[in-house]
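Enquirer:
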Amino acid sequence: MPPSPALVWFRRDLRLSDHAALSAAVAAGGPVIPVFILDPETEALGAAPKWRLGLSVAALAQALAARGSRLILRRGPAREVLRALTAETGARAVHWTRLYDPASVARDRGVKAALKADGIAATSHPGHVLFEPMGVTTGQGGYFRVYTPFWRAVKDREVPLPLSAPGTLQAPDAWPGSDDMATWAMGGAMNRGAEIVCAHQSVGEDAAQDRLAAFTAARIGAYKAERDRPDIEATSRLSENLTYGEISAAAVWHAGYAGMLRGAAGAEHFLKELVWRDFAWHLIHHTPHIVRDNWRPEWNGFPWQADDVPRWSRGMTGEPMVDAGMRQMYVTGSMHNRLRMLVASYLTKHLMTHWRIGMDWFADCLTDWDPASNAMGWQWTAGSGPDAAPYFRIYNPALQAEKFDPEGLYRRRFVAGFEGSRHPDALSYFDAIPRSWGLTATSPYPAPMVGLDAGRMRALRVHEDFVASRRDLAV
Ligand code: FAD
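Going by the working numbering, the sequence shown opens with residue 9, and the numbers climb by one from there.
1) Have a look at Asp236 and Leu407 and give me their C-alpha separation to the nearest angstrom.
2) Pro174 and Val34 look like a contact to me (Cβ under 8 angstroms); what is the Cβ gap, rounded to whole Å?
3) Determine the extent of the alpha helix (DSSP H) in which Ser112 is found, giving its start and end residues.
4) Taking CB distances under 9 angstroms as the criterion, tell me whether Pro57 reaches chain D.
5) Compute the distance between the beta-carbons of Val137 and Asp286, then report whether it is under 9 angstroms.
6) Give the straight-line distance between the Cα atoms of Pro452 and Gly393, rounded to the nearest whole angstrom.
7) Below 7 angstroms CB to CB, which residues in the same chain sit around Glu472 once its five sequence neighbours on both sides are set aside?
8) Please report the residue range of the alpha helix (DSSP H) in which Leu269 lies.
9) Apart from the five residues on each side of it in sequence, which residues of its chain come closer than 6 angstroms, Cβ to Cβ, to Ser186?
10) How many Å lie between Gly118 and Ala125 at the Cα?
11) Can you give me the C-alpha to C-alpha distance between Trp17 and Phe223, rounded to a whole angstrom?
12) Compute the Euclidean distance between the alpha carbons of Leu68 and Arg23, then round it to the nearest angstrom.
13) At a threshold of 8 angstroms, does Asp376 count as lining ligand 1 (C-beta to nearest heavy atom)?
14) In terms of residue numbering, what span does the alpha helix (DSSP H) encompassing Phe158 cover?
15) Quick check on Leu269: buried or exposed, where buried means 16 or more other Cβ atoms within 10 Å of its Cβ?
16) Would you say Ala288 touches ligand 1, meaning its beta carbon is less than 8 angstroms from a heavy atom?
17) State whether the segment 410-424 contacts the segment 294-314, with contact taken as three or more CB pairs (one from each stretch) at a distance under 8 angstroms.
18) DSSP beta-bridge partners for Ser132?
19) Tell me whether Leu169 sits in a helix, a strand or coil according to DSSP, three-state version.
20) Taking 8 angstroms as the cut-off, does the CB of Val260 come closer than this to any heavy atom belonging to ligand 1?
21) For Val154, does the count of other Cβ atoms within 10 angstroms reach 16, so buried, or fall short, so exposed?
22) Is Phe152 buried or exposed, if buried means 16 or more other CB atoms sit within 10 Å of its CB?
23) Taking 8 angstroms as the cut-off, is the CB of Gly366 close to at least one heavy atom of ligand 1?
24) Verify whether the separation of the beta carbon atoms of Glu281 and Arg60 is less than 9 angstroms.
25) Please state whether the Cβ-Cβ distance between Glu113 and Pro296 is less than 9 angstroms.
26) Nearest to Trp261 by CA position, among Gln217, Ala66, Ala95 and Pro432, is which residue?
27) My guess is that Asp109 and Ala380 are in contact by the Cβ rule of under 8 angstroms, so how many angstroms apart are they, rounded?
28) Taking its Cβ as the centre, do 16 or more other Cβ atoms sit within 10 Å of Gly446, making it buried, or is it exposed?
29) Just list the residues that DSSP pairs Phe18 with in beta bridges.
30) Does Leu81 come out as helix, strand or coil in the three-state DSSP assignment?
31) At a threshold of 8 angstroms, does Ser321 count as lining ligand 3 (C-beta to nearest heavy atom)?
32) List the whole-angstrom C-beta distance separating Glu254 from Glu306, where the pair is believed to meet the contact cut-off of C-beta under 8 angstroms.
33) Could you give the DSSP three-state label for Pro238: helix, strand or coil?
34) Within 10 Å of its beta-carbon, does Glu327 have 16 or more other beta-carbons around it, so buried, or fewer, so exposed?
35) Suppose contacts are defined by Cβ-Cβ distances below 9 angstroms. Is Ile41 in contact with Pro184 by that definition?
36) Any contact of the segment 93-100 with the segment 193-205, i.e. 3+ C-beta pairs under 8 angstroms?
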């Protein structure tokens, strides 16, 4: 009897190399049927990540076609789709890469149970992170709440060398039917933005490998010194590729490690940053409430005050550094890490607005959106998260600009009119935004929403009152 087909269910692992699930299916010796499912969890993605995911799926389909294979596209709840596909194709095995966020965990548990009940071998594999969250424990057997000990616990562990992409994938005798991705309209919610944001994406496995190679060849040495400068191309920009798994974290780790062995000054720091991503997945696995609720319950009841949030989300706060960050995100689908911290601090502290509102806006706009890093980043900045910045650390946008954008290059790039800027990226913002916002390149730049000192003092006062009231409650 020839081996029966195996399904490989692709999710956030849209690559062929270093893909344990794919390699296991190939090693079984039978036909391999790659599948991508537009399930309700994927349908729920924000506008930009959903659109960007569509590009990634298309790139994977092309890469598979180049190996004589196909990516089968289906829509519907994963459990039903996979059961139907195994029945249609005679597949006796389904492989996928493990995820750790609560929505994926709940779905995958249901899928595994249903397939097993049908007598199908359902196997999940590692590959999304460097160190699986359940495999990193404190001396007491718990999970890590603080980054530095987490780093110490993992930094000397062996990261397996990346697996090569399979040379060929055996096709089944007959391919099952597939949806046409055009009918999925993955970019349907992008409004006018897709065309503008598209120019800033590097889609697919080859592009991700090129990006990594360019970074390790030219920029890794200065990474530590320059990574906080949004006016310089100093970081890898790999988050966009890592989030869809167009490249594995292990491949990035080994390239960074090789840089370290070569003596590149910034390489170890780069590895540390990469491990922040693992730490985020560690936290989401062990404390899934981080995605919606205050990680620290003592923050429950904090008197957030809804300020004029649309001015923040539209990059119209009147603080050029904050607005440059917000507009960078709208035009490029990404935002420099320094700016993510700054705009999050401004929203949650100067504007006293709940971190969840900012987190959700990022989830709609970032093409590198990642449920774990986004939730951790917002709660870290707001002060409600584990290992968080203390509440009294309130970034001052003017000082941040002086320090990290000393010549104003970044602000001129993204804020039309700042020092007379007519930079193409600054102008393209007005072509990307919905017309209903009523903004054009000639709209006057607004006065600041809140004085920097006044906003800071208000935030500190409210926080101190809140802490005092909790103390009273406890008495
Ligand atoms: P590099 O500096 O080149 O770092 C290499 C890789 O390390 C990154 O690609 C990323 O995978 C990882 N990394 C670096 N810094 C961090 C960090 N602070 N936290 C977690 N991982 C990190 N990152 C996302 O990928 N998706 C998000 O949705 C996201 N939301 C964020 C929200 C807020 C409020 C904050 C403060 C940070 C957020 N980050 C998020 C983390 C960080 O800003 C981005 O990973 C980083 O800007 C990506 O740029 P890069 O690829 O050039 O990073």
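Every residue, glycine too, gets a C-beta built ideally from N, C-alpha and C.
Because the structure is a prediction, the values reported are computed rather than measured.
Expert: On the basis of the supplied data:
1) 14 angstroms
2) 4 angstroms
3) Pro110 to Ala125
4) Note that chain D does not occur in the displayed structure, where there is just one protein chain.
5) yes
6) 37 angstroms
7) none
8) Ala257 to Arg270
9) Ile80 and Leu81
10) 11 angstroms
11) 31 angstroms
12) 6 angstroms
13) yes
14) Tyr155 to Val162
15) exposed
16) yes
17) no
18) Trp104
19) coil
20) yes
21) exposed
22) buried
23) yes
24) no
25) With the sequence shown as reference, residue 113 is identified as Val, and Glu is not the correct amino acid for it. Their beta carbons are under 9 angstroms apart, which means Val113 touches Pro296 by this criterion.
26) Gln217
27) 6 angstroms
28) exposed
29) Phe44
30) strand
31) This structure lacks ligand 3; the ligands present are ligand 1.
32) Their Cβ separation, rounded to whole angstroms, is 39 angstroms, which puts Glu254 and Glu306 out of contact at 8 angstroms.
33) coil
34) buried
35) yes
36) no
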